[in-house]
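All remarks here apply to the structure that follows.
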Amino acid sequence: MGFYIDSRTYKKYQSFQKQCHSKKSKPNKKPEFIVLQQPKSLLDFGCSADKNTIPFILFDYLELADFSSCLLVPNKRGSVLKEKPKILDVLNIEVDSWLNTIQHFRRQYANFAGSRLSLAKCAHSHNHSWYKGCG
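According to the working numbering, the sequence shown holds residues -8 to 126 in order.
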């Protein structure tokens, strides 16, 4: 016992088959984002003329640390949320993105962050053979 397929249905079937075969024969597309490798070490603070440093001073970093602590614990005694730190403006980082990064630090970096050498030393001192980011 057979069955009847009208010509429109058969054409749709053929079109579907062609699409399936063309998708199988095409290589996978590259991801739309680029994963950048973390540098082996961080740059020192310095003047903007020196290309081997980042153009911030220690105060800028401390201002960011203070601002971050106020974001994380807004009800902490003595904490006063100030305006967005210069370092976030210069690096073009939105406050919401920064807050998300510091709130979910362990998801991306595990427990520690630093140079490969400092992570290896830290792993050794904690009787671990490796830490995320240093292999």
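Ideal Cβ placement from N, Cα and C applies to all residues, glycine included.
Computed from a predicted model, the values in this text were never measured in an experiment.
Between the CA atoms of residue j and residue i - distance to the nearest angstrom
i    : j    : result
N83  : K77  : 10 Å
D87  : P46  : 23 Å
S127 : H115 : In the structure as shown, the chain begins at -8 and stops at 126. Residue 127 is therefore absent and cannot be evaluated.
N118 : L108 : 15 Å
E54  : P65  : 16 Å
C113 : A40  : 34 Å
K75  : Q8   : 56 Å
T92  : V81  : 17 Å
L62  : L90  : 7 Å
L79  : Y52  : 10 Å
Q94  : A56  : 13 Å
E85  : Q10  : 42 Å
I48  : F96  : 24 Å
Own chain, CB closer than 8 Å to residue i, minus 5 neighbours either side, in chain order
i   : result
T44 : L34, D35, F36, G37 and C38
K67 : S60 and C61
L72 : F58, C61, L62 and P65
Assigned exposure category for residue i - 16 Cβ within 10 Å defines buried
i   : result
K50 : It should be noted that the sequence gives Phe, not Lys, for residue 50. Answer is exposed; the Cβ neighbour count stays below 16.
F58 : buried
G69 : exposed
Beta-bridge partners of residue i, as assigned by DSSP
i   : result
I45 : F36
Own chain residues within Cβ distance below 6 Å of residue i, not counting five before or after
i     : result
M(-8) : Annotation note: pLDDT 49 at M(-8) (below 50); position unreliable, coordinate value reported separately. For M(-8), where only same-chain residues beyond five positions count, there are no Cβ hits under 6 Å.
Task: Uninterrupted alpha helix (DSSP H) stretches inside the region 55 to 96 (no shorter than 4 residues) - done: 77 to 81 and 86 to 94
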